[in-house]
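Below you'll find the structure, written out as structure tokens, and then a few comments.
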Amino acid sequence: MSHRRRATPRSRPLTMAIATALAVTGGTLATAPAAVAGTTAPPAAVSAATGASTAGEVLDFPKASEIAGGGATGFLSRSTVGEYRWTRTDGSSTVLTSPGGPVLGAASDVVATQTADHVLQIRDMAKDAAADPVEIELTKLGGGVNIAIGMVGSRVLTSAHTVTGTEVLRVVSREADGTLLNDAVTGLPGDAVKFVVRSAVPGAALVSYASGGATRYAVVDLAAHAVVETYENPASAVDSPSLALSATHVAWVERTTGADGKPAKVVVVADRERPGATERFAVGNATGVTVGLTGSWVVYGEDATGHEGGRLPLVATALGAGTGAGTGTGTGGDAGKELLEHATSLVTAPDGTLLVRGGSLVEGEAEGLFRVSAGADGVSREQVARSGEATQLAVTDFDVPEVLDLDKHRPFADFTFRVNRPHARVAMVISGEGLIDNYLYMWRGHDSDFGRASGPLVARWDGRYDFLNGDYGQSGVTSNGTYEWRASISPWDGVGKPVELRGKLTVTRAPRPHDWDHDGDPDLLSVNAKGELIWNEDGHGWNIPWGTGWNIYDRTSVPGDLGGTDQPDIVARDRNGELWLYQGGTWQARLSPRSRIGGGWQVYDKLVGGSDVDADGKADLLATDKSGVLWFYHGTGNADAPFSPRRKVGGGWNVYNQIVATGDIGGAPAGDLVARDKDGVLWLYLAKGDGTFAARTRIGGGWNAFSHLVAIGDQDNDGRNDLLAYSRTTYASGGSTYVDGYVYKGTGDWRAPFGARSSLEAEAELAPRFF
């Protein structure tokens, strides 16, 4: 860091310039332009019902806006959509249109708008806003292409780009006698480029520029048109996010390395009266630090809207309180006095106070404009204008249903939270009996500019659980049942406190024929060579024994719910021809004890369940006898007598070695059949809805490559029934024999009901029967 004070014959009239720089009179006046619009009358011209403020009342600050300048009689704001507005202390306001560039003005009531043809129109907002402005044509200034970069009082700073590629900083004004002042600022190096006005006080501006590969700062005396002080930021060409100028100090932000070796930032305050004397204030690795100076205090905070994470509230720290102050190596004083919960922009007023756009959590305050003042008793702040926006996050409404039907919310269920401010996010946790915290992923709203109207926050859930806290990282589909949910709605910019919500959520789905754990995904059953009944979660999960002794049965089928319990049931025929019913129980009990349906079922070669063939909402059963006749058993819904007397469908079904009831795959309400003949050709029988079927349709060939076809239902939860197929090829692993399984996804088109196959995720142990 270097500090150079440049003395010139015209450098000391700065104090007088502060007192006189606000005057804008004389000159050639143009007709009233279209640069001023939307002026509201002062209180003297309107009734109290208009909402105009009177002396001592808090003003209205435009929503979604930042502070851009301040004078003795009002302030300049800029909205996120580029609208500039001058608000007077009497509560009236004027919209300033400036199609040729930003509205300029600092530390005074004088502002300049720009027309599309590069004419500056300068007006004193303390006077009649409708009065003709003073004009300066930038294209006629000479010395290069002039771009207005700032204005303090009546003095405009321009950056003149010459034909040789250099830049010249100039001071321009229309003097009281009408003459045009257009002087180059002296005291700058010849390679200085990229001029930006960063802060101002009456009569002086703090300008940043690049020179010699470094970022430098110059204090420009606007009366002398000369640089009176320069400072250097040692962080290469990286500029400070914010700078501040007062009558006694200059402040900026430097990048450095902390004691832990990680990147960090410090606020550096240089004493203008003692060259080389600085104080430094650590601000961690804050992203966008806002800096201000008032009296003998430095004020700094973090513009938390520009990043995610922690915040740095606006604090004030007394200068000269640190060790080594004045030596150039000192460290600033304590953490200082917290003024606001956060700050997004600030400017210096003509009297040396600060106008800060920020937010407060104090009751009766919120977002708006605050004046920070230094006095004999220290530093204080008061709110001078309110925007009507909230600082503290609050949930205004939310939509998390007490009962969530995941059949209707496929593939996602959205939980909606409406909040009173932007820059918020929601994280949800669902937990229940037997489950470790079941985390939903976090969804965050758009990283919008502060003040933009915020939409709802949404946590989107696909109905799955994920045991992130342990249990071998297990994940899967959440079963039906009642759970507790917790939602944390937090400000991602760190401003204000989070909001915690809790409630209960009952997950439900319509019962499905193969869904024993009630998670909406069909499961697979098999009987192995030992006679064990094996349950396989979702057709590709763990193999869990459900009981032994099942080798007494030679036919088994899963028709669906036969007894009104909303649980899938099993029918099994023993070798004596007796048919038995196993009703589905709870998830813990799995199956109820068997009950006898009747005898004489040995006449049948195949038992086919899984379709509501007549579309009456009750599960039915189909059977083929050994002569090839297909019989229809209408489901009654009564577990004590689950089937009506049989009804003949038709003959010739002995040409098929497998018949499976797929449920609806053709778009009709009744359940369909798929049959494979001895040549491996697969045929589709569409149900008519009366217990009979339309003429068969050939689906395709080559299906004799599979040992088992299983109509498992909607395996991938897309609303269309699928088909499982197990290979005839076996392989050994860990002392057991396995087969590969495949799923053929349902398409919903009866002309081509199944798409290309995909492999199941887990092995299936070889078994005599899959069902």
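Reading the sequence shown from the start, the letters are residues -37 to -1, 1 to 734 in mature numbering (1 follows the signal peptide of the UniProt record, and there is no 0). Don't be surprised by glycine CBs; every beta carbon is placed ideally from N, CA and C.
Given residue i as reference, the closest of the options once Cα atoms are compared
| i | options | result |
| --- | --- | --- |
| Ser721 | Gly698, Arg518, Tyr689 and Arg714 | Tyr689 |
| Gly128 | Gly107, Asp140 and Asp478 | Gly107 |
| Asp140 | Thr60, Val159, Val97 and Thr121 | Val97 |
| Gly709 | Ala70, Asp677 and Gly315 | Asp677 |
| Gly299 | Glu328, His81 and Val342 | Val342 |
| Gly331 | Val637, Thr660, Lys26 and Leu687 | Lys26 |
| Gly153 | Ala668, Thr125 and Arg161 | Thr125 |
| His81 | Ala70, Leu104 and Val73 | Leu104 |
| Ala75 | Asn109, Val115, Asp91 and Ser42 | Val115 |
| Asn601 | Asp577, Ile560 and Asp640 | Ile560 |
| Asp23 | Gly351, Leu525, Tyr705 and Arg118 | Gly351 |
| Val392 | Thr211, Arg449 and Val347 | Arg449 |
| Ala163 | Val156, Leu144 and Arg118 | Arg118 |
| Leu83 | Thr280, Ala650 and Asp95 | Asp95 |
| Thr441 | Pro508, Asp368 and Gly459 | Asp368 |
| Thr60 | Thr52, Asp72 and Ala79 | Ala79 |
| Trp509 | Asp537, Gly523, Gly548 and Asp524 | Gly548 |
| Pro632 | Gly239, Val73 and Asn684 | Asn684 |
| Pro238 | Gln77, Leu277 and Glu192 | Glu192 |
| Asn620 | Ser670, Thr219, Gly580 and Asp653 | Ser670 |
Through-space distance from residue j to residue i, alpha-carbon basis
| i | j | result |
| --- | --- | --- |
| Thr290 | Val183 | Low local confidence applies: a pLDDT of 33 at Thr290 is under 50, so the model's placement there is unreliable, with the coordinate-based value given in what follows. The straight-line gap from Cα to Cα measures roughly 25 Å. |
| Gly598 | Gly527 | 11 Å |
| Thr13 | Glu46 | Any reading at Thr13 must be qualified, since the residue scores a pLDDT of 28, below 50, and its modelled position is unreliable; no value is offered. |
| Gly287 | Ala245 | Any answer about Gly287 is weak, because its pLDDT of 33 lies below 50 and its placement is not dependable; what the coordinates show is given next. The straight-line gap from Cα to Cα measures roughly 15 Å. |
| Asn506 | Gly457 | 48 Å |
| Gly540 | Leu584 | 16 Å |
| Thr693 | Tyr701 | 6 Å |
| Leu570 | Arg373 | 33 Å |
| Ala719 | Leu275 | 56 Å |
| Asp410 | Phe158 | With a pLDDT of only 34 at Asp410, under the threshold of 50, the placement of this residue in the model should not be trusted; the figure read from the coordinates follows. If you take the alpha carbons of Asp410 and Phe158, they lie about 30 Å apart. |
| Leu420 | Phe380 | 5 Å |
| Gly630 | Phe595 | 21 Å |
| Leu542 | Leu593 | 18 Å |
| Pro485 | Pro454 | 41 Å |
| Arg610 | Asp577 | 12 Å |
| Ser696 | Val623 | 30 Å |
| Thr471 | Arg427 | 13 Å |
| Tyr180 | Ser171 | 4 Å |
| Ala730 | Gly494 | 9 Å |
| Ala284 | Leu39 | 34 Å |
| Gly614 | Ile497 | 34 Å |
| Ala715 | Glu463 | 50 Å |
| Gln355 | Gly264 | 18 Å |
| Gly293 | Phe375 | For Gly293, the pLDDT reaches just 35, beneath the cut-off of 50, and the residue's location in the model is therefore unreliable, leaving the point undetermined. |
| Gly63 | Gln77 | 5 Å |
N-terminal and C-terminal residue of the beta strand (DSSP E) that residue i is part of
| i | result |
| --- | --- |
| Asp532 | Asp532 to Asp537 |
| Gln84 | Val82 to Asp87 |
| Leu464 | Val462 to Thr471 |
| Pro445 | Reading off the sequence, residue 445 comes out as Thr, not Pro. Per DSSP, Thr445 belongs to the beta strand (DSSP E) from Gly444 to Pro454. |
| Ser690 | Asp685 to Ser696 |
| Leu206 | Where Leu206 is concerned, there is no enclosing beta strand (DSSP E), given that its DSSP letter is neither H nor E. |
| Glu217 | His212 to Thr220 |
| Ser56 | Ser56 to Leu59 |
| Ala279 | Leu277 to Ala281 |
| Ser259 | No beta strand (DSSP E) contains Ser259, which DSSP labels as neither H nor E. |
| Pro731 | Per DSSP, Pro731 belongs to no beta strand (DSSP E) and is neither H nor E. |
| Glu195 | Ala189 to Asn196 |
| Arg609 | Where Arg609 is concerned, there is no enclosing beta strand (DSSP E), given that its DSSP letter is neither H nor E. |
Inter-residue CB distance, residue i and residue j (contact presumed, cutoff 8 Å)
| i | j | result |
| --- | --- | --- |
| Ala422 | Val382 | Not confirmed; about 13 Å, so no contact. |
| Arg388 | Ala353 | At roughly 16 Å, the Cβ-Cβ gap does not stay under 8 Å, so Arg388 and Ala353 are not in contact. |
| Ser55 | Arg48 | Contact flag wrong, Cβ pair sits at about 11 Å. |
| Gly255 | Val262 | 4 Å |
| Leu686 | Phe717 | 6 Å |
| Gly327 | Glu304 | That pair is no contact at about 14 Å. |
| Glu728 | Asn514 | That pair is no contact at about 15 Å. |
| Ile112 | Arg137 | Not a contact, Cβ separation roughly 18 Å. |
Curious, which full-length beta strand (DSSP E) runs of at least 3 residues does the segment 517 to 589 contain? 532 to 537, 542 to 545, 558 to 561, 567 to 572 and 584 to 588, all fully within the segment 517 to 589.
Which ranges does the beta strand (DSSP E) cover as unbroken runs of at least 3 residues, wholly within the segment 20 to 62, from first to last along the chain? Counting only runs of 3 or more, we get 28 to 33, 37 to 42, 47 to 51 and 56 to 59.
Quick check on the DSSP output: what are the complete alpha helix (DSSP H) runs of length 4 or more inside the segment 143 to 174, in order along the chain? Entirely contained in the segment 143 to 174, not one alpha helix (DSSP H) run reaches 4 residues.
Which whole runs of the beta strand (DSSP E) in the segment 352 to 405 are 3 residues long or more, in chain order? For the segment 352 to 405, the full-length beta strand (DSSP E) segments reaching 3 residues or more read 358 to 362, 366 to 368, 376 to 382 and 387 to 394 along the chain.
At which residue ranges does the segment 613 to 693 contain complete beta strand (DSSP E) runs of 3 or more residues, listed in the order of the chain? Listed in chain order, they are 619 to 626, 635 to 640, 645 to 648, 660 to 663 and 669 to 676.
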